[in-house]
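So the sequence shown is numbered by UniProt numbering: it starts at 1 and just counts up by one. Right, one structure below, let's go through it.
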Amino acid sequence: MLTTEKLLILLRFDWDEALFQQRGSAVEKQLLAGLDWDKYASLLQDLLLVSKKLVAPKYARTVHQQLLAACADEATAQTFIGYASTL
């Protein structure tokens, strides 16, 4: 599950897994061990489309359900939505 702490690490490394592997700290690497980077990058792309109102309402609801399932709590989901809306 994605937490705010994990999300902030993804943002710090601009969603670049190779850069993270080179420069991430041991603690960060332990925290993100097993994280499916592609899953969250795909969710970010979907949130971007939703925030720009480029998807059908039904698909937007599906994305929101996926977001809630992927995030550990509402605060993380809101942070993720907020970030996507700035892109």
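Just so you know, even glycine gets a beta-carbon here, dropped at the ideal spot from N, CA and C.
Residue of the options minimising C-alpha distance to residue i
i	options	result
tryptophan 15	Ala41, Gly82, His64, Ala26	Ala41
leucine 35	Ile9, Phe80, Ser51	Ile9
isoleucine 81	Leu43, Thr62, Val55	Leu43
leucine 2	Trp37, Ser51, Leu54, Pro57	Trp37
For residue i: DSSP bridge partner residues
i	result
leucine 2	Cys71
Simplified DSSP state of residue i, which is helix, strand or coil
i	result
leucine 10	helix
threonine 86	coil
Status (buried if at least 16 other CB within 10 Å, exposed otherwise) for residue i
i	result
threonine 76	buried
valine 27	exposed
Legend entry - Unbroken stretches of the beta strand (DSSP E), 3 residues or longer, contained in the stretch 14-69: none
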